[in-house]
């Protein structure tokens, strides 16, 4: 446990509250504290860039999220949104992986529910209506 001070792990700064909690992957493997992403305040700046993602051939959610964080998206803000939509139930883990000649950041969303329910798009849209979740203007 690092106490309640900010620090950096693998390029992602975050701070711990008064205590750290052990979390496990769906396979029951413990998630090292150094790979846990803690919720921070939501980023409130204005984006000065636009990213176009062509996912017409499919995209792996964990690798896409990892690529966005590796490109500079605020990991603590992503964790904060998960905390807002499902308090205490969802956690983020990030780690560097190598796939063939490529290095990447892989992010896993870890659910505290042993058997999380199947969710459809309408369920996800409803979750994103939680108070405090930022809205994208014009969408």
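In the numbering used here, the protein residues as written are 814 to 952.
Built from N, CA and C at the ideal position, the CB exists for glycine as well.
Between residue 901 and residue 925, the C-beta spacing is below 9 Å. Taking the CA atoms as reference points, residue 872 sits about 16 Å from residue 883.
When only Cα atoms are considered, residue 891 and residue 934 end up about 19 Å apart. Residue 912 and residue 864 have their alpha carbons spaced roughly 23 Å apart.
In the DSSP assignment, residue 850 forms a beta bridge with 905. Annotation: residue 925 is outside any beta strand (DSSP E) and is labelled neither H nor E by DSSP.
Note: residue 843 is bridge-paired with 837 in the DSSP secondary-structure output.
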